[in-house]
Amino acid sequence: MPRLYKRPPAPSLRFPSRHAHQQQETSASYDPIPLRTARHRSPPTPVHLPPASPSRSPTAMTRPRAAAAFLLVLLTSAAVSLTTATATAGGGRKGKHGQQQASVYMVMVKPPAQGVDCEAYQMGILATALGSEARAKAALVYSYKTVVSGFAAKLTPAQAAALQKHPDVLQALPDVKYTLQTDSNHLN
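According to UniProt numbering, the sequence shown is numbered sequentially starting from 1.
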């Protein structure tokens, strides 16, 4: 019976060459059964998984829930800040002699024209609402000119309402202080 396959060369004591398939065979004999060595493994069979349908993927189900939760948190925080702002602005706290007590307001104004001094521009707006530049200087807490155009000033609710009517004023909001509510045991 004729042999169908060539028999590989006899193993040597050294590691087989990387290019063993290119080595010249010394034996011309044929072997009916092919010999497999550790270097010649059959390729792994690929695993085919069915494509995930969009209706069953976990991210498709959690995204609407996450969006709804985010929207709920956003609306709740907006409602809380709105009620706090109206309570502070509309409360009109009274001082010793029945006058309304001044509190700090954040006033956003239109940006000044190119080349105009920002602080003088803001002082002019505040002086028109308060009646004099001396009162405006006393009321001014801080002037914002880098990121936004505006200032912080100590005003009564009536003065803030008068300032809001100025054509260059975009918004006048009471400054709200928030306190961090944490457990003091974690601070030690």
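All C-beta atoms in this analysis are idealised placements derived from N, C-alpha and C, irrespective of residue type, glycine included. Since we're looking at a predicted model, the values are computed, not measured.
Given this structure, state the Cα-to-Cα distance separating G92 from P64, to the nearest angstrom. A caution first: G92 carries a pLDDT of 48, below 50, which makes its placement in the model unreliable, though a value can still be read off. Cα to Cα, G92 sits roughly 43 Å from P64.
Are there 16 or more other CB atoms within 10 angstroms of the CB of G150, so buried, or fewer, so exposed? Looking at its Cβ environment, which holds 16 or more other Cβ atoms inside 10 Å, G150 is buried.
Please say whether A162 and residue 189 have beta carbons closer to each other than 8 Å? Here the chain covers residues 1 to 188 and nothing more, so residue 189 does not appear.
By DSSP, does V116 sit in helix, in strand, or in coil? It is coil, neither helix nor strand.
Kindly indicate which three-state DSSP category Q164 falls into: helix, strand or coil? Secondary structure at Q164: helix, using DSSP grouped into helix, strand and coil.
Measuring CA to CA, which of Q181, V141, I125 is closest to Y105? Distance check between Y105 and each of Q181, V141, I125 places V141 closest, using alpha-carbon atoms only.
For a test of the three-state rule: what should DSSP assign to A79, helix, strand or coil? Reduced to three states, the DSSP call for A79 is helix.
Under the three-state DSSP convention, the category Y121 falls into: Under the three-state reduction of DSSP, Y121 is assigned to helix.
Would you list the one or two residues that DSSP bridges to L155? Residue pairing by DSSP places L155 opposite S103 in a beta bridge.
Let me know if D169 comes out buried or exposed under the rule of 16 or more other beta-carbons within 10 Å of its beta-carbon. This sequence places Val at residue 169; Asp is not what is there. By the neighbour-count rule (16 or more Cβ atoms within 10 Å), V169 is buried.
Going by DSSP, which residues form a beta bridge with G150? Answer is M108, Y144, bridged to G150.
I'd like the list of long-range same chain contacts for A158, defined as Cβ closer than 7 Å, with 5 residues on each side in sequence excluded. Taken in chain order, the residues that qualify are Q100.
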